[in-house]
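Take a look at the structure set out below.
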Amino acid sequence: MPALQSPRRDAPLRRDFETPVNLTHPIEFVHRPQSADRARGVRGSFFLTVLLGLTALLTSCASTGKGDELAARVTMRQFTGNAISIELRSESHTDAVDFYSRARDTANVKIVPDGLMDALLRDLEQYHFDDFAQPGPGPSNGLSGATKVIEVEVDGVVRHVASHPNASNEQRSAVVGMATFLSLAFSNVRGFQSIEDAQNKGAFSGSGPGIEG
Numbered sequence: 074m075p076a077l078q079s080p081r082r083d084a085p086l087r088r089d090f091e092t093p094v095n096l097t098h099p100i101e102f103v104h105r106p107q108s109a110d111r112a113r114g115v116r117g118s119f120f121l122t123v124l125l126g127l128t129a130l131l132t133s134c135a136s137t138g139k140g141d142e143l144a145a146r147v148t149m150r151q152f153t154g155n156a157i158s159i160e161l162r163s164e165s166h167t168d169a170v171d172f173y174s175r176a177r178d179t180a181n182v183k184i185v186p187d188g189l190m191d192a193l194l195r196d197l198e199q200y201h202f203d204d205f206a207q208p209g210p211g212p213s214n215g216l217s218g219a220t221k222v223i224e225v226e227v228d229g230v231v232r233h234v235a236s237h238p239n240a241s242n243e244q245r246s247a248v249v250g251m252a253t254f255l256s257l258a259f260s261n262v263r264g265f266q267s268i269e270d271a272q273n274k275g276a277f278s279g280s281g282p283g284i285e286g
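So the sequence shown is residues 74 to 286, counted in this note's numbering.
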């Protein structure tokens, strides 16, 4: 199996905003993967950000002004054991009202305010996404040997980082950290997806998926 390209530092993961969209003041995720105390800290910080984000989401639904926009999505795929795929999209990437108005067979996509997405991208930088990112979409299955993939799209530019046999220990550890954090983020963002299965119809809030080390 040919080795993947060596890690490269592309353009920054996010764009800088003078004022985060839909938030009253800047709040960043402050997670550091090595510390249990800091991990507990990110939960409190994240919950506060989510609360403000949900308030902003309701406000933005009635607003006609766009302001600064961040069209972005973050996708996490795990191919081993409990195979999962979850995705967070910003409002400027996908219209929440239009997306949630249609019943679907899964609820693995959630829409968040642009400001909350900006904060999420900032936290992914703490895991050195830029250091390991490769251009283009990541593997869609495990045939390449990849076990986990983090894929980020910002303004139409897609990059990814994967955990695979040829990756360094540092890269594999970073991917596990990013996957765990994204699972936490996903589970604490309210979803409003109607499920087509009659036994599971209604708003979806769902717990986060299990992430393997």
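For glycine and all other residues, C-beta sits at the position ideal for the given N, C-alpha and C.
- Remark: C-beta atoms of Met190 and Ile223 do not approach each other more closely than 8 Å.
- Fewer than three pairs of CB atoms, one per stretch, sit closer than 8 Å, so the segment 198 to 215 makes no contact with the segment 162 to 180.
- By the neighbour-count criterion, in which 16 or more other beta carbons inside 10 Å mark a residue as buried, Pro186 falls on the buried side.
- Within the model, the alpha-carbon separation for Gly211 versus Ala240 is close to 14 Å.
- Membership of Glu243 in the alpha helix (DSSP H) is indicated by the continuous run Asn242 to Ser260.
- Ala169 sits in a helix when the DSSP states are folded into three classes.
- Of the candidates Gly215, Arg150 and Leu143, Arg150 places its Cα closest to the Cα of Val249.
- The C-alpha of Phe152 is placed about 5 Å away from the C-alpha of Thr220.
- In the structure shown, Ala192 adopts helical secondary structure according to DSSP, grouped into three states.
- C-alpha of His166 to C-alpha of Ser260: approximately 20 Å in a straight line.
- For Asp178, there is no enclosing alpha helix (DSSP H), as DSSP marks it with neither H nor E.
- If you ignore the 5 residues before and after Gly209, its C-beta comes within less than 8 Å of the C-beta of Val231, Arg232 and His233, all in its own chain and listed in chain order.
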